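At the far end of the sequence shown sits residue 1341, using my numbering, and the numbering has no gaps.
Beta carbons: idealized from backbone N, C-alpha and C, even for Gly.
Values in this document were obtained by computation on a predicted structure and should not be read as measured data.
Notes to accompany the following structure.
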Amino acid sequence: MFLPLINTTLFQLFQLYFVELVTLIYLLNKYKKNKLYIFVIFLFYPAIFAFLGKNIQDFYKIATLLITLWLCNKQNVFKKFKKGDGLITFFFILFSLFYAISAFNNNDGLTIIFSQYSRYLIAYCLWFLVRREIQYKNADTEKLNLFIYDVFLMQIVITLAKIFIFRGQHIESIVGSISHTGGAPGTTIPILGFISLWFVKQGVLQKKEWIFVAGLMLIGLFAGKRAIWFIMPIVIAGFMLYVPGLKLDKKMWFVLLMAPFVFYLGVRLTPTLNPENVVWGSFDIDYTFDYAEKYQFGDQSIKNQKKAQGRGGATLALWDKWNSNESLTENDWFGIGFSSMYASDYDSFSKLGLGLNHKGSATGVFQSYVTSGYMGVITTTLFFFSLLWRIKTKRVRWLLIAIVAWEYFLYTGLIFRTPAFMFLIIYFVHYSNYQYKLKKNIKPAPTPYISMFPQAVEDKPQ
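What follows is the structure in structure tokens.
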């Protein structure tokens, strides 16, 4: 019944999931009066249900979708369309159409069709549910911000328990309360956690907030994630310097200097990034970047490679195929089905002849290509990026688009496939627009407002 993992004992797993259960109960009790918050809490806790076995996990997926639809019906969110909702809905219908064509054309089973599609339907519904929560007449944005802060705080608590229970061992598969069998969230959670903190604290981070950020970095460190040490400093610098357009005073110089220091620590603490392959190995920048390049694009010294290497290589291979003179087949346009991507192991995936060195190199965009072809790639891009395009503040919009584009085109594309992460992305959109309206004096601010959107005055509402 319980799903075991390599290098762990069942007793250790029971200990960790007991801690997760305690944090779940804590959040449910604290926010028991708000139905949307309760629903979102469960979106952040799929790992417990995955640990309990596939049948329980399937029940969890069905339940979350049904609850989503019930909340939408109860709050009549679809009757309150606003400017831009029609285009988003059109792109979602277009995405759904090509999803259906691929799924049924490739004879995917109903279970996997439902399992995968439910993620995207939940994301579409969250667009309306979160907006109502932020923008309705008696909205309590302070409570919403505290709620998001607490959710990430529990991820840190679970990670600290993981470190203690597994005695500092890097268990990649278990990441907070999000993942039981995959380590990719170890990169995504710290990034989205920092962005959430930046929104919650309205761009003003004190010493205790930086301690919180350090806690988020532990999530990536003890999931054995390497990308986090390259991406996180860029994300921090982007939100602390680029978005507010601040001049480099003493505080900003501190932030700027912290970025390379975080990178330095990451290289020494992550075995694969240093020559000795040990924790606290030496710092060799040439070795680190050579490793990163080979990991992302393969070993370029090997000539006549027949398969694309690495995640960057996977995306480049799709681009080259699109621009080549060869005719695209039906499989290229509509994919080979969801089972080929999400119900296959590494060996069976390699036998599909997709021109990729192994399944682990499949980026988000490559996964879209495998499942639903180039039409899936196009409609996925249109739908999800149309949500981000609704951000009214120019610098916030472009920075978030860049981060999500990196995650989809050059990493795992996990953000689009994880309802909890899509809740955060949608929260970023609606909350930034809420702050934009406050800046424009469309309605009085309920709390003292610190401007984190200096470009809002120049930007025109879309």
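Same chain, Cβ closer than 7 angstroms to residue i, neighbours up to 5 away in sequence not counted
| i | result |
| --- | --- |
| M1254 | F977, W1212 and F1213 |
| E1088 | L1076 and K1080 |
| L915 | L950, L1008 and E1012 |
| N984 | F1213 |
| A1281 | none |
| L1289 | R1190, G1191, T1194 and T1242 |
| F1091 | L1076 |
| V1146 | W1108, L1152, N1153, F1162 and T1167 |
| K1041 | L895, I1050, I1053 and F1101 |
| A1138 | P1112, I1115 and A1116 |
| V1423 | Only positions 880 to 1341 of the chain appear in the structure, and residue 1423 is not among them; the question remains open. |
Identity of the residues DSSP links to residue i by a beta bridge
| i | result |
| --- | --- |
| L1235 | A1187 |
| S1058 | V1054 |
Whole-angstrom C-beta distance between residue j and residue i, which should lie under 8 angstroms
| i | j | result |
| --- | --- | --- |
| Y939 | F928 | 4 angstroms |
| G1072 | P1064 | Rounded, the Cβ-Cβ distance is 11 angstroms, inconsistent with contact. |
| G1216 | A982 | 7 angstroms |
| Y1015 | F974 | Actually they are not in contact, since the Cβ atoms of Y1015 and F974 sit about 28 angstroms apart, beyond 8 angstroms. |
| I904 | Y910 | No, I904 and Y910 are not in contact; Cβ-Cβ is about 12 angstroms, not under 8 angstroms. |
| I1294 | I1305 | Actually they are not in contact, since the Cβ atoms of I1294 and I1305 sit about 11 angstroms apart, beyond 8 angstroms. |
| G1103 | G1062 | 6 angstroms |
| T1259 | S1247 | 5 angstroms |
| S1218 | D987 | 5 angstroms |
| A1196 | G1234 | 6 angstroms |
Cut-off 6 angstroms between Cβ atoms - residues of its own chain near residue i, not counting five sequence neighbours on either side
| i | result |
| --- | --- |
| F921 | none |
| N1236 | K1186 and Q1188 |
| I935 | F928 |
| L931 | none |
| T992 | Before going further, note that residue 992 is Ile rather than Thr in the sequence given. Result list for I992: A982, in chain order. |
| Y924 | L903 and S1056 |
Residue i versus residue j: straight-line alpha-carbon distance, rounded
| i | j | result |
| --- | --- | --- |
| F1078 | Y1310 | 8 angstroms |
| Y1315 | V1275 | 11 angstroms |
| Q954 | H1049 | 43 angstroms |
| N1024 | I1098 | 21 angstroms |
| M1220 | G1191 | 18 angstroms |
| L1136 | E1286 | 25 angstroms |
| M1110 | F1245 | Reading off the sequence, residue 1110 comes out as Ile, not Met. Computed Cα separation, rounded: 21 angstroms. |
| K962 | R1269 | 10 angstroms |
| N886 | R1046 | 12 angstroms |
| Q1413 | L1207 | Because the chain spans 880 through 1341 in this model, residue 1413 falls outside it and cannot be assessed. |
| W1132 | G1082 | 16 angstroms |
| Q1341 | L906 | Residue placement at Q1341 cannot be trusted, given a pLDDT of 40 that sits under 50; what the coordinates show is reported in the next sentence. C-alpha separation (whole angstroms): 36 angstroms. |
| L1278 | N908 | 35 angstroms |
Cβ shell of residue i (< 8 angstroms), same chain only, five flanking positions each side left out
| i | result |
| --- | --- |
| T1060 | L882, L884, A929 and S1052 |
| V901 | none |
(message) Would the region 962-972 count as touching the region 1261-1280 if we require 3 or more Cβ pairs under 8 angstroms?
(response) yes
(request) Could you tell me whether the region 1153-1161 touches the region 1192-1203, using the rule of 3 or more Cβ pairs below 8 angstroms? (result) no
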